[in-house]
Structure formats: structure tokens, C-alpha cells
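Single-structure report; data block below.
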Amino acid sequence: MAGTHIIKSAGLSGVSGFGVAVEVSITNGLPGFVIVGLPDNSVRESRERVRAAIKNIGLEFPMRRILVNLAPADTKKEGPIYDLPIAIGLLAASEQIDPVSEKAMFVGELSLDGELRPVTGMLPMALSARADGIDSLFVPKACALEASIAEGIKVYPAGHICDIIDHLRGERPIEPAPPYDLAACEPDRLDFSEVKGQPSVKRAIEVAVSGAHNILLTGVAGGGKSMMARRIPSVLPPMSMEEMIESTAIHSAAGLTNKSAPLLTRRPFRSPHHTVSTSGMAGGGKTPKPGEISLAHNGVLFLDEFPEFQRNVLESLRQPLEDGSITITRAAWTCTFPSSFMLVCAMNPCKCGWYGHPNGKCGCSEEAVKNYARRISGPILDRIDIFADVPSLAYGDLASAGKSESSAKIRERVTAARARQLDRQGTPNARMSGDRLAAHCVLSREGAELMRAAYDKFALSARAYGRILKVARTIADLAGSRGIETEHLAEAIRYRNSGMLET
Ligand SMILES: Nc1ncnc2c1ncn2[C@@H]1O[C@H](COP(=O)(O)OP(=O)(O)OP(=O)(O)O)[C@@H](O)[C@H]1O
Ligand SMILES: [Mg+2]
Ligand SMILES: [Zn+2]
Numbered sequence: 018m019a020g021t022h023i024i025k026s027a028g029l030s031g032v033s034g035f036g037v038a039v040e041v042s043i044t045n046g047l048p049g050f051v052i053v054g055l056p057d058n059s060v061r062e063s064r065e066r067v068r069a070a071i072k073n074i075g076l077e078f079p080m081r082r083i084l085v086n087l088a089p090a091d092t093k094k095e096g097p098i099y100d101l102p103i104a105i106g107l108l109a110a111s112e113q114i115d116p117v118s119e120k121a122m123f124v125g126e127l128s129l130d131g132e133l134r135p136v137t138g139m140l141p142m143a144l145s146a147r148a149d150g151i152d153s154l155f156v157p158k159a160c161a162l163e164a165s166i167a168e169g170i171k172v173y174p175a176g177h178i179c180d181i182i183d184h185l186r187g188e189r190p191i192e193p194a195p196p197y198d199l200a201a202c203e204p205d206r207l208d209f210s211e212v213k214g215q216p217s218v219k220r221a222i223e224v225a226v227s228g229a230h231n232i233l234l235t236g237v238a239g240g241g242k243s244m245m246a247r248r249i250p251s252v253l254p255p256m257s258m259e260e261m262i263e264s265t266a267i268h269s270a271a272g273l274t275n276k277s278a279p280l281l282t283r284r285p286f287r288s289p290h291h292t293v294s295t296s297g298m299a300g301g302g303k304t305p306k307p308g309e310i311s312l313a314h315n316g317v318l319f320l321d322e323f324p325e326f327q328r329n330v331l332e333s334l335r336q337p338l339e340d341g342s343i344t345i346t347r348a349a350w351t352c353t354f355p356s357s358f359m360l361v362c363a364m365n366p367c368k369c370g371w372y373g374h375p376n377g378k379c380g381c382s383e384e385a386v387k388n389y390a391r392r393i394s395g396p397i398l399d400r401i402d403i404f405a406d407v408p409s410l411a412y413g414d415l416a417s418a419g420k421s422e423s424s425a426k427i428r429e430r431v432t433a434a435r436a437r438q439l440d441r442q443g444t445p446n447a448r449m450s451g452d453r454l455a456a457h458c459v460l461s462r463e464g465a466e467l468m469r470a471a472y473d474k475f476a477l478s479a480r481a482y483g484r485i486l487k488v489a490r491t492i493a494d495l496a497g498s499r500g501i502e503t504e505h506l507a508e509a510i511r512y513r514n515s516g517m518l519e520t
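Just so you know, we're using our numbering here: the sequence shown kicks off at 18 and counts up by one.
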């Protein structure tokens, strides 16, 4: 007797899922077990796990010619996730279970005794399954919550392959996972109310966050740069459902989802250490994995001690800062990852950290101070919208007993300003396209003159010009103003006018 059976499964390419058909055929002939269709080594090892699992649960492993074809044949298949569909296909092809619906999909790694182990990239695979018309998804228990984020598809969590066999035989149906519960997310532990004084820095941060503009905080040691940057998540505007799913899918593809609360409900805040490698930052590896800039998609990338990052790591930010995505090409693959993030950087003005501090501890020469700033290349600085100087905290502010304004209050203003931007052009101001810029950032005559003077005086680039207009638009949005007034533009120009830009 011979049989062929097709079981639906899925694969992961970068941060998106795709459908895979696992075709299992059993023919008479010398016993053998071959997997074709661009499997990697871990897929080939499926043979051993599937063989052991089927024997260990007391079913029959067919001693005939077994051929497994993973289609589409031209796409690489990775990882152990095909164990489950191969095993189910073998059982169906050898008539130990009935044929399986073509609207059912199976993913999961098997242990030698048939237990199901979690897989990476569950959400993107579930989303692609839904798009392909799959209605039932059989997954390892530990991935069920994540799969259930893809609304409208029945998710069957299984701890063991026997659970699935019993279900398919109609003996012991599996209870489908309940719809994903968007439980209220817990509030941030860090709050701006703990940050004393520094009103101008807080204002600059509020503007930056409102329009998703890039910001660099420069100041002496202990001025509160890291302290303030780490509180930025507490004032970020809320995410749309679409953004949550998009960001969660990226984390899932990187194997970084929280199994007990997989849906990212707050904007990501990534702060890689300055020793991070280029592939850690930008993405890459043997198989395409998203890097920090993609994990920060829809959120914030915070680079503390900015000049300490390797130069080529910083240079890798150039394309994504402009395009909102990154394309990585290796010998074996090319992959595009989303990477639209707000860049927040912090640095000291000099190597010792005290330049400009009244304590007079800085012994750095003017030249050394300039060289320190020059570690950051012009093209990177040109992509910074807001340069904020962080002065050392005045004693009066530090010793004052009062609490500062809470993050909740700041967030209210930010959220209102962001809502105006989304209503007007569907994106935060920082991502406004050129034609929108012309339509929405019209200057008065007085404003235009101010802009011309700044352009000449500070020798601005065309990019800087556009970026100033966008920041001015955000300041107007914070003020609830339809037009960009001269005071809004003047504030935006002030943020751009930094000693950092002088060479
Ligand atoms: N504005 C402030 N309000 C209250 N505490 C502050 C403030 N600024 C600094 N501090 C205190 O000083 C500590 C050091 O601040 P922080 O680490 O943010 O400085 P920094 O500017 O990042 O310094 P460095 O350049 O050395 O990294 C904080 O943990 C906090 O206790
Ligand atoms: Mg710091
Ligand atoms: Zn110094």
C-alpha cells in the first residue's frame, strides 16, 4: 500500500511568515527516509526525532520508502518546526489517522518522547496562515498565547503529539485557546516626577517624543542625561493595534517574545551597550535575524555614551534613519527589516566628562574636546533633529523638596500632539514625506526670512532644513496651532544650533 499526504505548515523569512506544504509520500521499496526542498541541518535531523517520537508513543513507523518534500522548494527551511507536520503526515500517509483538513496547519518541534517544544516566530507564521485561509492552527502549548494574537484563527495548544492525534481521531478534542486578552499593561516604574529642574531639557524631550524626532543630550557627568532618557518610555504616545502586532512579530522572529505576555503593548525602548557589533545593531547572522534598530521599530533606540560606539556601528544607522527600514545582503540571503525608530543619544562634551562644569576638573584641551565630538560623523549628526544641552543641576533645584510634573501629564500633551499629526498626514512629523512637508509646513513671510538667515548663518544642509521645518511643525502641534508661528520656528532653529555641528 502506498500513500501521499500534504500537511500545511509555515516558515519564517526575516520577520515574515510564509506557508509551507509538507508533502509526505510512502512507497514500497527499500526502507529509507529522505527530506527534500532546501532543508537545513536541523530540518534533516527531524528524521531522527520523528522516528523516535512515533515509536515511543506506540504507533508504527513505516518501514518503507519515505519521501518528504517541503514546498515551495526554492525557499530555505530552517529549524526543527517541521517535526510535527512531518509526523502527522507520516501517520496520515500510513493510514494510522484519517486525512487531515487542508485548512489545518501544524508547527512544532518534537522531543524524542513526543512532547511539543516551542518555536521561534510564532506570530508572523500565524499571521501568514490567516492570510492563506488556514482556520485551525496546532501549536506547542507554550506558543499558543502568541499565536492567538492573530485574531480569527482557531489555535489548538498541545503539550504532546498524542493530544493532537487524539483530537484528530475525535477521541479527546483540544479546547481552542481563548481570544487574546488585551489586559491593562502595567505602568512604568520610572517617572519624570523624580527628575528635578532641567526644564529646558524636559521641553526638548517632549518635543522630540511628540514628533518622533531624533535627539542628542549632551552634558557634564552626573547631569541626569541617562536618568531622563530612561524615563522616555513613560511619555511615549500609545501604540495602535497594528503597530503592536508589527513590533511583536519582529520580537518573535528574534526569539524575544515574553511567553506569558507576548503582545508588545508599549513602544519598544532598546538601549544596546556601546560594545554592540554591527550585526547586533543592524541585523544579520547566519540566518537573517533582526538587530537592535528593528527591535526598536515603532519605538526608541537609546545610545548612551554615544561616541563610545564603534564608528562602523554608528554608520550602519545612516540608511535606516533615512528610510525607516534596512536591507541586509549576505552571500546566502538578502532581507529587509523594518526599522523606523526615534534615536535618542547621550554623551559628555569631552572624554573626562567635565568640560564646561564649574568644578574646573576638566583638563581637556579645546582640540581634544573637538576631537571627541568629531568621533560622530557629520552625516550622523545631520540626522539629529534636536541638540539639547544638559547643564549640571542647580543646587536649589536638587535640594528642593517638591515633585516635578508627572510623566502622565507630559504624556497627555504628547499624545494630543501626536494625534494631530496622525489626523493630518497619518505619520508622526519626523516621517512626513517631502510633498506633505511642502503642504503642511508653510512659513509666514517673517518665518521664511528667519529660516533664510539661519540657513546661511549655520550653513545648514538641505536635510537639516527639512528637519527643522518638521520640528517646528511639532512645536506648533504641541501648541495646538494650525500654522507654524515664528516663535515655533525659532525654537526649532535653537535646537539645531549646536556647537557640535561646528568643525
Ligand atoms: N535632575 C535631576 N533630578 C534628580 N536627580 C538627579 C538629576 N540629575 C541627576 N540626578 C542624580 O544623579 C544621578 C546621575 O545621573 P545620570 O546618571 O542620569 O547622569 P548622566 O548625565 O547620565 O551622567 P554621565 O555623563 O556620567 O553618564 C542620577 O541617578 C540621579 O540620582
Ligand atoms: Mg549617563
Ligand atoms: Zn574634559
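We treat Cβ as the ideally placed atom computed from N, Cα and C, and that holds for glycine. Computed from a prediction, not measured in an experiment: that's the story for all the values here.
In whole angstroms, give me the CA-to-CA distance for residue 18 and residue 44. The predicted model places residue 18 with a pLDDT of 46, which falls under 50 and marks its position as unreliable; any figure quoted below should be read in that light. CA-to-CA, the gap between residue 18 and residue 44 works out to about 7 Å.
Identity of the residues DSSP links to residue 177 by a beta bridge: According to DSSP, residue 177 shares a beta bridge with 132.
Is the beta carbon of residue 510 sitting closer than 7 Å to the one on residue 492? The answer is no: Cβ separation not under 7 Å.
Item to complete: Consult DSSP for residue 378 and reduce its assignment to one of helix, strand or coil.
Response: DSSP places residue 378 in coil when its eight states are reduced to three.
Given 8 Å, three or more beta-carbon pairs between the region 372-387 and the region 62-79:
Result no; under three Cβ-Cβ pairs closer than 8 Å.
- Cα-Cα separation, residue 70 to residue 76: C-alpha separation (whole angstroms): 9 Å.
> For residue 86, which residues does DSSP report across the bridge?
Replying inline: Paired residues: 40 and 53.
Where does residue 139 sit, in a helix, a strand or coil, going by DSSP? In the structure shown, residue 139 adopts helical secondary structure according to DSSP, grouped into three states.
Need the endpoints of the beta strand (DSSP E) that residue 352 sits in, please. First-last of the beta strand (DSSP E) with residue 352: 351-355.
Heavy atoms of ligand 2 versus C-beta positions, residues under 6 Å = Having a Cβ closer than 6 Å to some heavy atom of ligand 2 are 242, 243, 321 and 363.
Skipping 5 residues on each side, what residues in its chain have a beta carbon closer than 7 Å to that of residue 272? In chain order, 137 place their CB closer than 7 Å to the CB of residue 272, counting only its own chain and leaving out the 5 sequence neighbours on each side.
Paired residues, beta bridge with residue 233 - DSSP
DSSP lists 362 and 404 as partners of residue 233.
| query | Just to confirm, are residue 194 and residue 226 a CB contact at a threshold of 7 Å? | reply | Going by C-beta atoms, residue 194 is not nearer than 7 Å to residue 226.
How long is the line joining the alpha carbons of residue 208 and residue 134, rounded to whole angstroms? Taking the straight line joining both Cα atoms gives about 39 Å.
- Message: Less than 7 Å between the C-beta atoms of residue 360 and residue 318, yes or no?
- Response: Against a cut-off of 7 Å, the Cβ pair of residue 318 and residue 360 comes out as a contact.
Among residues of its own chain, excluding the 5 on either side of residue 345, which ones have a beta-carbon nearer than 6 Å to its beta-carbon? Within the same chain, Cβ atoms closer than 6 Å to the Cβ of residue 345 are found at 300, 301 and 352, the five residues on either side in sequence being excluded.
message: Between which two residues does the alpha helix (DSSP H) holding residue 269 run?
response: Unbroken alpha helix (DSSP H) run through residue 269: 258-270.
Same chain, Cβ closer than 7 Å to residue 132, neighbours up to 5 away in sequence not counted: These residues qualify, in order along the chain: 176 and 177.
When you compare only the Cα positions, how much space is there between residue 363 and residue 390? Computed Cα separation, rounded: 12 Å.
query = What is the residue span of the beta strand (DSSP E) that residue 26 lies within?
reply = Counting along the chain, the beta strand (DSSP E) containing residue 26 begins and ends at 20-30.
So, helix, strand or coil for residue 432, using DSSP?
-> Here residue 432 sits in helix by DSSP.
Checklist entry - Going by DSSP, what residues sit across from residue 121 in a beta bridge? => result Residue 121 is bridged by DSSP to 153.
(request) Please confirm whether any heavy atom of ligand 1 lies closer than 6 Å to the CB of residue 386. (result) Relative to ligand 1, even the nearest heavy atom lies 6 Å or more away from the CB of residue 386.
**Asked** So, residue 266 versus residue 141, is the Cβ gap smaller than 7 Å?
**Response** Against a cut-off of 7 Å, the Cβ pair of residue 141 and residue 266 comes out as a contact.
| Rounded separation between residue 269 and residue 334 - CA only | When the Cα atoms are used, residue 269 and residue 334 turn out to be separated by approximately 22 Å.
| message | Quick check on the DSSP output: the beta strand (DSSP E) that includes residue 343 runs from which residue to which? | response | Where residue 343 is concerned, the enclosing beta strand (DSSP E) stretches over 342-346.
C-beta contact flag for residue 314 and residue 355 at 7 Å
Yes, they are a contact pair.
| CA-to-CA distance, residue 358 to residue 452, given in whole angstroms | Each residue's alpha carbon lies about 21 Å from the other.
Q: Would you identify the three-state DSSP class for residue 520, choosing helix, strand or coil?
A: Interpretation of residue 520 is limited by its pLDDT of 47, a score under 50 that renders its predicted location unreliable; the figure taken from the coordinates is listed afterwards. Residue 520 falls in the coil class under three-state DSSP.
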